Amino acid sequence: MEELLSKLEAIYIRFNEVEKSIGDPDLIADQKAYRDAMREYRRLEPIAEHAQIFKGAWDDLQQAREWAASEDEEFRQMGREEVPVLQERLEELSQTAREMLLPRDEADDRDVVLEVRSGTGGDEASIFAGELLRMYLRHIESKGWKHEFISTSEGTVGGYNKAVVRLSGEGVYGWLKFESGVHRVQRVPATESQGRVHTSAATVAILPVAEEVDVELKVSDLRRDTFRASGAGGQHVNKTESAVRLTHLPTGIVVECQDGRSQHANLEHAMEVMRTKLFEMERTKQEEERSENRKQLVSTGDRSAKIRTYNFPQGRVTDHRIGFTSHALPAIIGGDLTEIIEALHLAEKTELLKNL
Numbered sequence: 003m004e005e006l007l008s009k010l011e012a013i014y015i016r017f018n019e020v021e022k023s024i025g026d027p028d029l030i031a032d033q034k035a036y037r038d039a040m041r042e043y044r045r046l047e048p049i050a051e052h053a054q055i056f057k058g059a060w061d062d063l064q065q066a067r068e069w070a071a072s073e074d075e076e077f078r079q080m081g082r083e084e085v086p087v088l089q090e091r092l093e094e095l096s097q098t099a100r101e102m103l104l105p106r107d108e109a110d111d112r113d114v115v116l117e118v119r120s121g122t123g124g125d126e127a128s129i130f131a132g133e134l135l136r137m138y139l140r141h142i143e144s145k146g147w148k149h150e151f152i153s154t155s156e157g158t159v160g161g162y163n164k165a166v167v168r169l170s171g172e173g174v175y176g177w178l179k180f181e182s183g184v185h186r187v188q189r190v191p192a193t194e195s196q197g198r199v200h201t202s203a204a205t206v207a208i209l210p211v212a213e214e215v216d217v218e219l220k221v222s223d224l225r226r227d228t229f230r231a232s233g234a235g236g237q238h239v240n241k242t243e244s245a246v247r248l249t250h251l252p253t254g255i256v257v258e259c260q261d262g263r264s265q266h267a268n269l270e271h272a273m274e275v276m277r278t279k280l281f282e283m284e285r286t287k288q289e290e291e292r293s294e295n296r297k298q299l300v301s302t303g304d305r306s307a308k309i310r311t312y313n314f315p316q317g318r319v320t321d322h323r324i325g326f327t328s329h330a331l332p333a334i335i336g337g338d339l340t341e342i343i344e345a346l347h348l349a350e351k352t353e354l355l356k357n358l
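The opening position of the sequence shown corresponds to residue 3 in this note's numbering, with each subsequent residue numbered one higher.
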């Protein structure tokens with residue numbers, strides 16, 4: 003427990019240093035450095051506050067132990083009564099502190115590029131992909147976050163073959179990162195005349211937005227094509243070749259952006275998404291290397307894994323990674339994801355604490 007106290011005290015010192023630095027005019031003038039400092043400040047603030055509470059309880063326990071060893075009967079009795087109470091209190095504070103000090107993904111505070119793609123199931127898969135997209139957009143709106151469409155490809159009878167949306171908000175990646183993977187739906191499609199239940203699928207990718215400093219994107223490695231946009235976006239979309247397609251020659255990654263109002267806006271979006279995909283490729287590689295040393299219960303890297311099933315006949319949603327089941331399917335599809343996302347975070351936290 004002394005080692006834990008030492009870690010908390012070190013964090014408290016660092017928090018005070020960061021707190022002083024964010025008032026420095028030179029730091030404020032450097033937007034990236036200031037943004038990074040504010041992120042660190044917000045991350046350390048609750049730990050620093052907990053460190054003070056922990057230190058107070060620690061000091062109280064040491065005082066109670068001195069009293070318990072006193073030659074004065076009154077002090078000795080008081081100490082003996084206080085020690086077990088304070089020990090229990092300190093154990094509770096220690097558990098909270100360990101959770102706060104768990105390894106943290108620096109990308110948790112980043113914005114997100116959300117990709118939803120239809121999978122197996124034809125038209126029904128496209129309809130389901132559209133429902134998943136609406137589910138996420140309603141959820142982020144309920145949290146006060148924002149979204150901006152980057153590119154869409156609509157299905158022939160509704161929904162989307164593919165949709166790419168940028169999500170902005172404090173901690174949005176950290177909150178949604180366990181949503182990546184294959185989502186399955188089991189229900190009777192509207193086009194099914196026999197009333198048979200079909201299984202269709204859509205793939206969700208939650209990618210932390212990369213900044214220019216994260217990825218060196220050489221112009222010589224890119225092929226740029228323009229074409230006429232189609233689909234949602236207003237009357238302007240078909241008049242000019244405003245849509246942009248970028249191909250990263252070394253990796254073969256292709257990015258299309260068409261929902262901006264100009265070719266320049268679409269190019270900026272395409273460059274950001276390309277950086278994000280390359281950044282995620284490197285992160286996935288690092289995660290695979292780490293997973294050899296640490297079992298991760300809720301993976302964020304393998305988007306080919308079937309993670310969740312939405313069973314409409316039974317009104318049931320099941321997350322297969324943690325065995326979570328809910329019969330509130332209409333509410334979940336309507337954007338109420340809090341319970342299932344909290345369950346995923348709790349399962350991951352429990353596994354990490356077990357492996358410490």
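Every residue, glycine too, gets a C-beta built ideally from N, C-alpha and C. Note that the structure is predicted; figures quoted are calculated from it, not measured.
Check, Outcome
"Within-8 Å CB hit, Val215 to chain B", "The chain labelled as chain B is not found in the depicted structure, where only one protein chain is given."
"Arg100 vs Leu355 beta-carbon contact at 8 Å", "yes"
"Val115 beta carbon less than 8 Å from that of Val275", "yes"
"Through-space distance from Leu104 to Glu353, alpha-carbon basis", "11 Å"
"Bounding residues of the alpha helix (DSSP H) (the contiguous stretch that carries Gln54)", "Gln33 to Ala70"
"Ala359 vs Glu258 beta-carbon contact at 8 Å", "Shown here, the chain extends from 3 to 358; a query on residue 359 therefore has no answer."
"Span separating the alpha-carbon of Lys297 from that of Ile208", "Unreliable placement is indicated for Lys297, whose pLDDT of 49 sits below 50; the coordinate value is still reported in the next sentence. Each residue's Cα considered, the two are about 21 Å apart."
"Backbone CA spacing between Lys148 and Tyr162 [nearest angstrom]", "20 Å"
"Proximity below 8 Å, CB of Leu46 to CB of Tyr36", "no"
"Whether Phe130 touches Val184 by CB criterion (8 Å)", "no"
"Per-residue burial, Thr278 [other beta carbons within 10 Å of its own, 16 or more giving buried]", "buried"
"C-beta atoms of Leu92 and Ala59 nearer than 8 Å", "yes"
"Residue nearest to Gly124 in terms of C-alpha spacing, selected from Val167, Asp61, Thr158 and Glu117", "Thr158"
"Contact the region 6-20 vs the region 56-73: 3+ CB pairs below 8 Å", "yes"
"Rounded distance between the beta-carbons of Glu133 and His200, thought under 8 Å", "Not confirmed; about 15 Å, so no contact."
"Buried or exposed by the 16-neighbour rule on C-beta atoms within 10 Å, applied to Glu181", "buried"
"Closest Cα partner of Leu248 within the set His271, Asp261 and Arg263", "His271"
"Secondary structure of Thr249, DSSP reduced to three states", "strand"
"Helix, strand or coil at Ala165 according to DSSP, with G and I counted as helix", "strand"
"Neighbour-count burial assignment, Glu90, 16 or more Cβ in a 10 Å radius", "exposed"
"At least three beta-carbon pairs within less than 8 Å, the region 211-230 to the region 338-346", "no"
"Assigned secondary structure, Val275 (DSSP; H/G/I helix, E/B strand, else coil)", "helix"
"6 Å CB neighbourhood of Asp62 in its chain, flanking five on each side removed", "Leu88"
"Per-residue DSSP class, three states only, for His322", "coil"
"Closest Cα partner of Thr98 within the set Met137, Ala333, Ala50 and Glu73", "Ala50"
"Spatial neighbours of Asn313 in its chain, beta-carbon cut-off 6 Å, leaving aside the 5 residues before and after", "Gln188"
"Environment of Phe229 [buried if 16+ CB atoms lie within 10 Å]", "exposed"
"Under the three-state DSSP convention, the category Leu103 falls into", "coil"
"Nonlocal neighbours in the same chain, by C-beta distance under 6 Å from Gly303, ignoring five residues either side", "Because the pLDDT of Gly303 is 49, which lies under 50, any placement of that residue in the model is unreliable, and the number read from its coordinates should be weighed accordingly. So the qualifying residues of the chain are Thr286 and Glu289."
"Distance between Met273 and Ile2 (C-alpha atoms, nearest Å)", "Residue 2 cannot be examined here, being either before or after the span of the chain that is shown, 3 to 358."
"Within 8 Å, strictly: CB atoms of Glu42 and Ala66", "no"
"Environment of Thr154 [buried if 16+ CB atoms lie within 10 Å]", "buried"
"Start and end residues, beta strand (DSSP E) containing Pro191", "First-last for Pro191: undefined, no H or E at that position."
"C-alpha gap between Asp338 and Leu135, whole angstroms", "13 Å"
"Option in Ala109, Glu194, Ala231 and Ile152 with minimal Cα separation from Glu172", "Ala109"
"Cα-Cα separation, Pro191 to Val20", "56 Å"
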